[in-house]
Amino acid sequence: MHPPAYARPCYFARPGSIISSKRIHYQVLSILGEGAFGRVVKCVRLQDKKKVAIKVLKQKGNYYSRVKKEIQALLQLKDLDAQKCNTIQVHSAFHDRGNFCFVFEYLDTSLYDFVKANSFRPLPLEGIRFIVQQLAVALQALRSISLTHCDIKLDNIMLVDHENQPFRVKLIDFGLACDASCLPQGCVVGALFLMERLFDGKNENDMMRCIVELLGQPPNQILDAGLKTQEYFCFCPRNHSWQLRNDINYSGKAGYKLLHSLDDILYALPVEDSRGQELFLFVDMLKKMLDPDPTARITPEQLLQHGFLTNADGASPSKEPEPTAGEDRRHLRRAKATKRTRESVDEDAGQNSKRARNAV
1 MHPPAYARPC
11 YFARPGSIIS
21 SKRIHYQVLS
31 ILGEGAFGRV
41 VKCVRLQDKK
51 KVAIKVLKQK
61 GNYYSRVKKE
71 IQALLQLKDL
81 DAQKCNTIQV
91 HSAFHDRGNF
101 CFVFEYLDTS
111 LYDFVKANSF
121 RPLPLEGIRF
131 IVQQLAVALQ
141 ALRSISLTHC
151 DIKLDNIMLV
161 DHENQPFRVK
171 LIDFGLACDA
181 SCLPQGCVVG
191 ALFLMERLFD
201 GKNENDMMRC
211 IVELLGQPPN
221 QILDAGLKTQ
231 EYFCFCPRNH
241 SWQLRNDINY
251 SGKAGYKLLH
261 SLDDILYALP
271 VEDSRGQELF
281 LFVDMLKKML
291 DPDPTARITP
301 EQLLQHGFLT
311 NADGASPSKE
321 PEPTAGEDRR
331 HLRRAKATKR
341 TRESVDEDAG
351 QNSKRARNAV
């Protein structure tokens, strides 16, 4: 049974409409975004003309369970200093026409919209460093209250005021929050540098193959405990080890991937570039963030002590992606394109299955 029209976010959370708690009224200015579980709108608080963002949850699926979980997460967030911890500030929550509404501070734009507006040019290392440092502080604070973000992506990292505070960011959207690690942050950091997905599988099987090829296979003790291990790996009793299933290991099913190893990122700069050591530290940090073994993966506290963050010269990042960043990354693309050509010849010579076996 569908909720009545007046209870649907698309009906009353639209430009020009009024959203109200018992004492405060907000006018919707524009729609900022919409997902499977809610709509986020930009509003002005009529009492003082202050701009805010309001998330209106949709009545679908396990609605009340999601509301309860998000309220619990936001109550925990209220214990943190949002400015120091780089998390979005929660103002209030209320119920309007059958929908739960959460009021947050209004922020500038998401990192995704920023890079999209800049033609997906890769960010300079100093900008990435500043973002990583802020996210590490946020994850450290969230970890202190046994909470962290399970949906870290460019859409959920907001620039606060990019014109006046370049690359100052905050985490938003704690609808999916539980105890987690630096792994999703590592995927975001890699994407900011390359403007390519680190793992771009066509399906779950292809995604697992991408992960194993780029990061290596998870340790046997991790696979032993996995609930879905047998969907992707087969067990070898002779030496008590796991091996990627042959039908997954066949690389002919997958599209072209930019990286075969995280070390390939080192080709992103010319050999004579003075930033070589900085890039080496960046790759080392990325490896530690993406370690397949969660017990060995770097923690937010350790991340803040990593050389990529501590060896900075203290200079403020530029407001825009540096013009040369895209050219720097093309060095990597040219090197990989040459390697790709060689691999095409190998495939024509019937070497595909041999290379797949050697990847595990």
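Residues in the sequence shown are numbered from 1 upward in steps of one, following the UniProt record's numbering. Glycine residues also receive a C-beta, built at the ideal position from the N, C-alpha and C atoms. Values in this document were obtained by computation on a predicted structure and should not be read as measured data.
When you compare each of the options to residue i by their alpha carbons, which one comes out closest?
i	options	result
Leu46	Ile19, Lys69, Phe37	Ile19
Arg97	Ile31, Ser21, Leu74	Ser21
Leu29	Cys101, Val41, Gly35	Val41
Asp161	Glu204, Val132, Glu70, Ser110	Ser110
Arg39	Ala13, Lys49, Gln27, Ile24	Ala13
Gln27	Gly33, Cys234, Lys50	Lys50
Glu301	Leu139, Leu147, Ile222	Leu139
His95	Met158, Gly33, Ile88, Ile24	Ile24
Ala53	Ile145, Pro218, Gln89, Leu303	Gln89
Leu74	Gln83, Tyr64, Ser92	Ser92
Leu279	Ser17, Pro219, Ser119, Gly190	Gly190
Leu262	Ile211, Glu163, Val137, Asp48	Ile211
Pro166	Phe174, Leu227, Asp108	Asp108
Tyr232	Asp224, Ala117, Gly276	Asp224
Gln221	Cys234, Lys228, Glu204, Ser241	Ser241
Asp173	Asp48, Gly276, Gly16, Leu147	Leu147
Glu204	Arg245, Asn239, Arg168	Arg245
residue 363	Lys84, Asn99, Asn164	The structure shown does not extend to residue 363, since the chain is modelled only from 1 through 360, so no value can be given for it.
Ile145	Glu163, Gln72, Arg168	Gln72
According to the Cβ coordinates, are residue i and residue j closer than 8 Å?
i	j	result
residue 434	Tyr106	Residue 434 cannot be examined here, being either before or after the span of the chain that is shown, 1 to 360.
Met289	Leu123	no
Ile298	Val283	no
Cys236	Gln230	no
Phe104	Arg66	no
His149	Glu213	no
Leu304	Ala136	yes
Tell me, to the nearest whole angstrom, how far the beta carbon of residue i is from that of residue j; I am working on the premise that it is less than 8 Å.
i	j	result
Asn86	Lys170	5 Å
Lys69	Phe102	Rounded, the Cβ-Cβ distance is 12 Å, inconsistent with contact.
Leu286	Gly186	6 Å
Ile248	Met208	6 Å
Phe114	Leu159	6 Å
Taking the beta strand (DSSP E) that residue i belongs to, which residues open and close that run?
i	result
Phe167	165 to 171
Gly38	38 to 45
Tyr26	25 to 34
Asp161	157 to 161
Glu105	99 to 105
Gln134	Segment 125 to 144 is the alpha helix (DSSP H) holding Gln134; no beta strand (DSSP E) there.
Cys150	Note, Cys150: premise wrong, no beta strand (DSSP E); not H, not E.
Leu80	Run containing Leu80: none; DSSP gives neither H nor E here.
Starting from residue i and walking both ways along the alpha helix (DSSP H), at which residues does that stretch end?
i	result
Ile211	204 to 215
Met289	276 to 289
Ala268	Run containing Ala268: none; DSSP gives neither H nor E here.
Asn220	220 to 225
Ala117	111 to 117
Ser65	63 to 77
Leu303	300 to 303
Phe193	183 to 194
Below 8 Å, can you find three or more Cβ-Cβ pairs linking the stretch 293 to 301 to the stretch 192 to 204?
no
*Meets three-Cβ-pair contact criterion under 8 Å: the stretch 303 to 313 and the stretch 124 to 131*: yes
Next item on the list: Determine, using beta-carbon pairs with one atom in the stretch 75 to 89 and one in the stretch 55 to 64, whether at least three such pairs fall under 8 Å.
Entry: no
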